[in-house]
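Step one of this worksheet: look at the structure below.
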Amino acid sequence: MGAALDEARAALATGDVPIGAVLLTGSGEVLATGRNVREADRDPTGHAELVAIRAGAAALGSWRLDGCTLVVTLEPCTMCAGAVVLSRLERVVCGAHDPKAGAVGSLWDVVRDRRLNHRPEVVTGVRAEEATMLLDEFFAQHR
1434 MGAALDEARA ALATGDVPIG AVLLTGSGEV LATGRNVREA DRDPTGHAEL VAIRAGAAAL
1494 GSWRLDGCTL VVTLEPCTMC AGAVVLSRLE RVVCGAHDPK AGAVGSLWDV VRDRRLNHRP
1554 EVVTGVRAEE ATMLLDEFFA QHR
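Numbers 1434 to 1576, taken from this note's numbering, label the letters of the sequence shown in order.
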């Protein structure tokens, strides 16, 4: 989660919401990283999770990320939760909960929907206070 928090802080340089993600191999090695780039790239899909998932798939040469873990500072939204399911990630580790848009247990629970063919393990609340503080400080300056 430390590396994901570093990615989140790096997003601040481009005026993006400080959310970071790290994709790990099954053996725990960093495969890819991502940070929010919606402002920097003018891309509505430029969420940290998607950036990391895309980079990881490119590195592996496969869309299937079997055995991989996504560590992200904020609970994924529905778009990102869908990408988690579709990429066959084994596990998602989240920092802060997102009661307004979270799709890994807070508002929705896309990744554990029994109707889907893949359901990753979910770990929540990892270093949540640090992730929440980054977001709170960012939004306090922008509102």
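Each residue gets a CB set at the ideal place from its N, CA and C atoms; glycine is no exception.
In DSSP terms, what residue i is bridged to
{"i": "cysteine 1527", "result": "Val1505"}
{"i": "leucine 1456", "result": "Ala1465 and Leu1503"}
{"i": "glutamate 1554", "result": "Arg1524"}
{"i": "aspartate 1542", "result": "Val1537"}
8 Å contact criterion, which residue i and residue j should meet: CB distance rounded
{"i": "alanine 1514", "j": "alanine 1488", "result": "Actually they are not in contact, since the Cβ atoms of alanine 1514 and alanine 1488 sit about 18 Å apart, beyond 8 Å."}
{"i": "histidine 1480", "j": "methionine 1512", "result": "7 Å"}
{"i": "leucine 1493", "j": "arginine 1521", "result": "That belief does not hold up - the Cβ atoms of leucine 1493 and arginine 1521 are roughly 11 Å apart, past 8 Å."}
{"i": "threonine 1384", "j": "glycine 1538", "result": "This structure gives no information on residue 1384, because the portion of the chain shown stretches from 1434 to 1576."}
Beta-carbon proximity of residue i to residue j, cut-off 7 Å
{"i": "leucine 1507", "j": "aspartate 1531", "result": "yes"}
{"i": "valine 1525", "j": "valine 1484", "result": "no"}
{"i": "glycine 1528", "j": "alanine 1573", "result": "no"}
{"i": "valine 1518", "j": "leucine 1540", "result": "no"}
{"i": "valine 1505", "j": "alanine 1465", "result": "no"}
{"i": "valine 1559", "j": "proline 1553", "result": "no"}
{"i": "glycine 1461", "j": "glycine 1500", "result": "no"}
{"i": "alanine 1437", "j": "isoleucine 1486", "result": "no"}
Residue i CB to nearest heavy atom of the ligand ATP below 6 Å
{"i": "alanine 1446", "result": "With respect to small molecules bound, the structure shown includes none, and the ligand ATP cannot be examined in it."}
Nearest residue (CA-CA) to residue i, options the options
{"i": "leucine 1568", "options": "Ile1452, Met1434, Gly1448 and Ala1446", "result": "Ile1452"}
{"i": "aspartate 1439", "options": "His1575, Arg1548, Arg1576 and Glu1563", "result": "Glu1563"}
{"i": "threonine 1447", "options": "Val1544, Asp1474, Ala1437 and Val1463", "result": "Asp1474"}
{"i": "glycine 1467", "options": "Thr1565, Gly1459, Phe1571 and Asp1449", "result": "Asp1449"}
{"i": "methionine 1434", "options": "Thr1502, Val1544, Leu1445 and Phe1571", "result": "Thr1502"}
{"i": "cysteine 1510", "options": "Ala1436, Arg1547, Ser1495 and Asn1469", "result": "Asn1469"}
{"i": "leucine 1456", "options": "Glu1482, Ala1443, Glu1570 and Ala1534", "result": "Glu1482"}
{"i": "valine 1463", "options": "Thr1478, Ala1490, Arg1442 and Arg1576", "result": "Ala1490"}
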